[in-house]
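Trainee:
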Amino acid sequence: MEFLTAGESHGKALCGIISDYPSGVSVKKEIIDNELLRRQKGYGRGGRMQIEKDEVEILSGLRNGFTLGSPISFIINNKDWNNWEDLMTPFPSDIKIKNEEKLVENPRPGHADLTGSIKYRFNDIRNVIERSSARETAIRVVVGSFSKQFLKNLDIEIHSFVTGIGKAVLKDENFLKNPDIDCFDKADKSDLRCPDEKTAADMKSEIDKAFKLKDTLGGSFLICIKNMPYGIGSYIQWNKRLDAILSYYLMSIPSVKALEIGNGLKAAVLKGTRFHDEIFYDENKKYYRLTNNAGGIEGGMSNGEDIMLKVFLKPIPTTMRGLNTVNIRDKSRQTSIKERSDICAVPSASVIGEAMSAIAVMNAIQDKFGRDNMQEIIENHKNYLRYIKNI
Ligand code: EPS
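Using our numbering, the first residue of the sequence shown is number 13, and each one after it goes up by one.
1) Could you name the residues of the same chain whose beta carbon sits closer than 7 Å to that of R152, not counting the 5 residues immediately before and after it, in chain order?
2) Can you tell me the Cα-Cα spacing of P191 and R345, whole angstroms?
3) Can you tell me whether DSSP reads E185 as helix, strand or coil?
4) Compare the C-alpha of I265 against each of S360, K131 and L49 and name the closest.
5) Is it buried or exposed for T347, if we count other Cβ within 10 angstroms and need 16 for buried?
6) When you compare the stretch 122-134 with the stretch 324-334, are there three or more beta-carbon pairs, one atom per stretch, that lie closer than 8 Å?
7) For V268, write down the residues that DSSP places opposite it in a beta bridge.
8) To the nearest angstrom, how far is it from the Cα of I403 to the Cα of G243?
9) When you measure from the CB of R352 to every non-hydrogen atom of the ligand EPS, does any distance come out below 8 Å?
10) For the ligand EPS, I want to know if D92 counts as a neighbour, meaning its beta carbon is within less than 8 Å of at least one of the ligand's heavy atoms.
11) Return yes when at least one heavy atom of the ligand EPS lies under 8 Å from the C-beta of Q387, else no.
12) Going by CA-CA distance only, name the one from I29, G316 and M263 that's closest to L397.
13) Please classify E11 as buried or exposed, where buried requires at least 16 other C-beta atoms within 10 Å of its C-beta.
14) Thinking E42 and S157 are a contact (beta carbons under 8 Å), I'd like their distance in whole angstroms, please.
15) Once you ignore the five residues that flank S202 on each side, which residues in its own chain have a CB closer than 7 Å to its CB?
16) Is E295 helix, strand or coil by DSSP?
17) Mind checking M240: buried by the 16 CB within 10 Å criterion, or exposed?
18) Is V37 helix, strand or coil by DSSP?
19) Assuming R51 and A180 are in contact, meaning their beta carbons sit under 8 Å apart, how far apart are those beta carbons, in whole angstroms?
20) Contact defined as beta carbons within less than 8 Å: I believe L277 pairs with I355. What is the distance between those atoms, to the nearest angstrom?
21) Note down the Cα distance separating I319 from P104, rounded to an integer number of angstroms.
22) Confirm the yes/no value for this check: CB of A370, any heavy atom of the ligand EPS, distance under 8 Å.
23) Exposed or buried, which one is A357 when buried takes at least 16 other CB atoms within 10 Å?
24) Taking contact to mean 3 or more Cβ pairs, one atom from each stretch, closer than 8 Å, check whether the stretch 382-401 and the stretch 253-260 are in contact.
25) The ligand EPS and S264: does the residue's C-beta get closer than 8 Å to at least one heavy atom of that ligand?
26) Using 8 Å as the cut-off, classify the Cβ of Q52 as near or not near the heavy atoms of the ligand EPS, replying yes or no.
27) From the DSSP output, in three-state form, read off E97 for me.
28) For I371, which residues in the same chain have their Cβ closer than 8 Å to its Cβ, ignoring the five residues on either side in sequence?
29) Using the Cα positions of L325 and S232, report the straight-line distance between them to the nearest angstrom.
30) Going by the beta-carbon positions, is the gap between I237 and L204 smaller than 9 Å?
31) Check whether the Cβ atoms of N94 and A25 lie closer than 9 Å to each other.
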C-alpha cells in the first residue's frame, strides 16, 4: 500500500490518495472520523483546533462501504480557509490584498522556515510554513485508519499512550512493560492520553507552566502492537527489516527526534546474558519468552511478542517568547515570528504514531499474505497460523 498527501495548512482542503489497498475491506466513515477527533484532542493544543472539526470525504475507491481495490482518494476541508482565502488564493487574479505587506521574513529556529526558503527560493516564509505544518498529519490519520481497519480483520491491534511531557514522565513499570486493554482505555479517556492519573496531572501542570512562560514542550509516547504473527518483516534484505520500516514511518512524524525499540537504550549498557529474551517452550503456548527487551522484533522480524516502540518529540518550534533569528531579506537581527501554534502536541502525536505504525505494519503484512483481496489475505493468514500452531 502506498499513499500521498497534498494540501496547505490554510488552503481549501487537505487530500490523500491511497493505492494498492486490497478489495473487499469493510471501511466505516465514523471510525475514520473518530480517529480524526482523537488527533484533534489533547491538553495543550492551540486555537486552530477550536476552528476545525475534521471529517473525511471519500471521493473514490469505495462502494457501499467496501473497498474496490482501485485508488482511494479523499479530502478533509479546512474550515479556516474562509479566513485565509485572500492570502492563500491559487491564482493572482483573485488577490484582493497586497501580498508584499504580508511577507513572513523571520524564520523560526527548529522549524522548516529557513532551510525551506533557501532550498525552494522563497522570499516569503509563508510558502514553507503552509506545507511543513503538522496539519498534514490529519491525512496520515485517515490513511492509518484504513490500515487499522484492514489489520482488524487479522486481529492485529495498535495502541498508544503518552509516557512523558517535559519533566513529567510515567514511571510505572506495569504500564510500560505489559500494557493491557485497560491501560489503553484509560489513556483514551485522558486528555493527556496518559493512563496514570497522577502523572497526567503532573503533565498538565508542566503544560500550564510552559504556557505562562510563553514556551513549548515535547515529550514521548509508547506504541504497542498486539497479535503480530511470527515472521513479519525479514532479515534477507536490509530494507525488509521490520524495525527499519517502522522507524522510517515513525521518524517522518513532525517533531520526532528519537525512537527506542523495546529496551533499546539499556541494550547499550547491559551484558548479553541480561538483555536477550530467553526462549522457552510449552505444548500449549508453543515458544514463549519471559521478557521482551527486544520489543517484539529479532533479526528484523516480529517474534510473536508485543511490538513496543517509544517515540521522543522535541518541543514545538513556534514559541510565543521569540528566539533569536535573522531577517531573510535584510539580514538584520530579529525575534522569531509568533505564528499561532500549540504549546504541546504529544497526545496528538501518539495518535499519528498509531496511524504511521499501522501503515508500516500493513505493508509488511501485505508482503507476506498478499495485496489483492481481503478474503484471500484472511485465508493466507489463517493457513499460516495453522502452521505456527503445529510447530
Ligand atoms: C495543526 C494545525 C496548525 C497548527 C499545528 C498543527 O494550524 P495553525 O497553523 O492554523 O495554527 O496548530 O501545526 C504545528 C504545530 C506546526 O508546527 O506546524 C494541526 O491540524 O494539527
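Positions of the beta carbon are idealized from the N, C-alpha and C atoms, including for glycine.
Mentor: Once the coordinates are examined:
1) Excluding the 5 residues flanking it on each side, R152 has same chain C-beta neighbours closer than 7 Å at T17, I364, A367 and M368, in chain order.
2) 49 Å
3) helix
4) S360
5) exposed
6) yes
7) L325
8) For I403 and G243, the distance between alpha carbons rounds to 14 Å.
9) yes
10) Because some heavy atom of the ligand EPS lies under 8 Å away, the Cβ of D92 counts as near it: yes.
11) no
12) G316
13) Any property of residue 11 remains undetermined from this structure, which presents the chain solely from 13 to 403.
14) The Cβ separation is near 10 Å, so there is no contact.
15) The beta carbon of S202 is closer than 7 Å to those of A212 in its chain, skipping five residues each way along the sequence.
16) In the structure shown, E295 sits in coil (DSSP, three-state: anything other than H, G, I, E or B).
17) buried
18) Looking at V37 - three-state DSSP - the assignment turns out to be strand.
19) Under the criterion of beta carbons closer than 8 Å, R51 and A180 do not qualify as touching, at roughly 22 Å.
20) Separation of the CB atoms of L277 and I355 is rounded to 27 Å, and the pair is thereby denied contact status at 8 Å.
21) 51 Å
22) no
23) buried
24) no
25) no
26) yes
27) helix
28) M13, F15, R152, V155, G156, S159 and Y261
29) 6 Å
30) no
31) no
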